[in-house]
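Structure record follows, encoded as structure tokens.
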Amino acid sequence: MIWWEVMMVSDFKERLKKGDIEGAIEAALNIDDSFFRLEALAYILRSVNETYHDLILSKMFETTDSIVNKVTKVKALALVGSALYAIGKERMGDHMFRKAISLADSIGYPSWQAEAYGYLAYYLALSDLLEDSLYYFNQAVRVIQSSRESYSRIVHFLSNLAKLIVQAADEITNEKALDFYGLAEDIYRSIRLKIQANAVKSKREFVKNILKGGSVAIMGLLDTGDIDKAIIGIRYLSPKERVAAMLEVAYWLFLHEREDLARVLLADVFDMMLVGKIKPSDLELMGIAHKFMRLGRLDEALVIAGIIEDEERASEVLGNVALTYARFGKMEKALSIAEGIKNEIVKNRVLKALKGEENVGHK
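In the working numbering, the protein residues as written are 1 to 363.
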């Protein structure tokens, strides 16, 4: 991509950030390179509501039709198929993938066909069509290995293909990622690139350990201070485990004074719990709420308390939050929380403490 196209890509993203969707589309359409233009339109498509979908898709179809090179056209058709899957139009996406497969099958020159299969496989993986993706990645390997290309060209192709497979694997959040990493490792070893093969093996072992250990594995990473791997590992957990682990990671970030990142993470996890209705057990929520309280993160503990379904447990947490607010001198806030406690026994005990008849710091 040449410098002015880089500027145009930056331009459409800036316009999109500002809410200027029409301007973003216009900027994308001004990108000269057909595939880069298509990527920009796909990015916008995934970022806007359905009001703009028909307009953007029409421009994507026009761009795809204008591409002459068969390999690039396969890549473009697969990209459009993936974009359609991303916005919930799976039937249209399947149609585009079928067109991409048909065109790839028709390519007569082996190295070009292998390249087309590789791109097709990559976008199938992004659409969670993982069995099909693995098939076409393997097909790319078979085609290039049976070709009459020079050894150096075959090695160069397989090296690039392995990189693409790893990129696809990095987007997969279940056990199928292991198959993709395994294929990439095998390719690297077949062309004697041991350093790359070992790097992929390490990734595969990491994912395997997370899938096996679950949230316990994430806690182990936090215990050793490896926050980056912990955040990456969260992706491979089940939804409920993911929420619990995200809360623990947010606590760790607050504890280590990385508040900005903690707040971003908490915004996501609260959205998952409040909107997506995905939450860990009440007992786990109680535990993390008390951790936040010990850090003085009372607003966060208050939100967590509101998500606890069991009335008695929620009341206990709310009571402790109210008493902690009082200890920090925020009596009005403490009384407001106490008045909202549903369990009458807990409510009366907390109100009594707040009115000075018991020691506010007793619990």
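Every residue, glycine too, gets a C-beta built ideally from N, C-alpha and C.
Just so it is clear, the structure is predicted and the values come from calculations on it, not from any experiment.
Check                                                                                                                        : Outcome
Touching by the beta-carbon criterion (3+ pairs, under 8 Å), the segment 166-175 and the segment 113-125                     : yes
Cβ neighbours of PRO110 in the same chain (closer than 8 Å, five flanking residues each side left out)                       : VAL143, ILE144, SER146, SER147, ARG148 and GLU149
Any 3 or more C-beta pairs closer than 8 Å across the segment 28-39 and the segment 53-67                                    : yes
Rounded separation between ALA230 and ASP271 - CA only                                                                       : 20 Å
Where VAL264 falls, given that 16 or more other Cβ within 10 Å makes a residue buried                                        : exposed
Cutoff 6 Å; reference PHE97; Cβ partners in own chain excluding five residues on either side                                 : GLY81
TRP112 versus GLU14 - alpha carbon distance                                                                                  : 36 Å
Cβ of ILE308 within 8 Å of any chain D Cβ                                                                                    : The structure shown contains no chain D, having only a single protein chain.
C-alpha gap between ALA83 and LYS277, whole angstroms                                                                        : 27 Å
Beta-carbon spacing of LEU323, VAL350 below 8 Å                                                                              : yes
Under 8 Å between C-beta atoms of LEU183 and LEU134                                                                          : yes
The segment 304-320 contacting the segment 274-292, beta-carbon criterion three pairs below 8 Å                              : yes
C-beta contact flag for ALA116 and ALA104 at 8 Å                                                                             : yes
Contacting residues, own chain, Cβ-Cβ under 7 Å from TYR188 (five flanking each side not counted)                            : ALA162, GLN196, ALA197 and VAL200
Cβ separation of TYR52 and ILE21, assumed to be a contact under 8 Å, to the nearest whole Å                                  : 6 Å
Length at least 4, wholly inside the segment 235-264: the alpha helix (DSSP H) runs in chain order                           : 239-255
Exposed unless 16 or more other CB atoms sit within 10 angstroms - verdict on PHE12                                          : buried
Chain-order list of residues whose beta-carbon lies under 7 Å from that of ARG242 (same chain, five-residue window excluded) : ILE234
Reference THR72; option with closest CA among HIS95, VAL48, ASP94 and ALA100                                                 : ALA100
Minimum C-alpha distance to GLU312 - residue among ALA289, LYS342, LEU335 and VAL303                                         : LYS342
Span of the alpha helix (DSSP H), counted from its first residue to its last, around LEU55                                   : 53-66
Bounding residues of the alpha helix (DSSP H) (the contiguous stretch that carries PHE35)                                    : 34-47
Limits of the unbroken alpha helix (DSSP H) element including LYS163                                                         : 151-170
C-alpha gap between PHE157 and ASP186, whole angstroms                                                                       : 14 Å
Straight-line Cα distance separating GLY340 from MET219                                                                      : 34 Å
VAL317 burial status per 10 Å Cβ neighbour count (16 or more: buried)                                                        : buried
Coil, strand or helix - PRO110 by DSSP                                                                                       : helix
Proximity below 8 Å, CB of MET293 to CB of VAL269                                                                            : no
As assigned by DSSP and simplified to three states, the class of LYS277                                                      : coil
CA-to-CA distance, LEU29 to ILE210, given in whole angstroms                                                                 : 42 Å
Supposed close pair ALA245, SER215 - CB separation, criterion 8 Å                                                            : 5 Å
Residue closest to LYS203, alpha-carbon to alpha-carbon, out of ASP179, LEU193 and ASP32                                     : ASP179
Neighbourhood of ALA217 by C-beta, 7 Å cutoff - its chain only, sequence neighbours within 5 removed                         : ASN209, ILE210 and GLY233
Own chain, CB closer than 8 Å to LEU261, minus 5 neighbours either side, in chain order                                      : LEU253
Integer Cβ distance of LEU354 from ALA326, believed to fall under 8 Å                                                        : 6 Å
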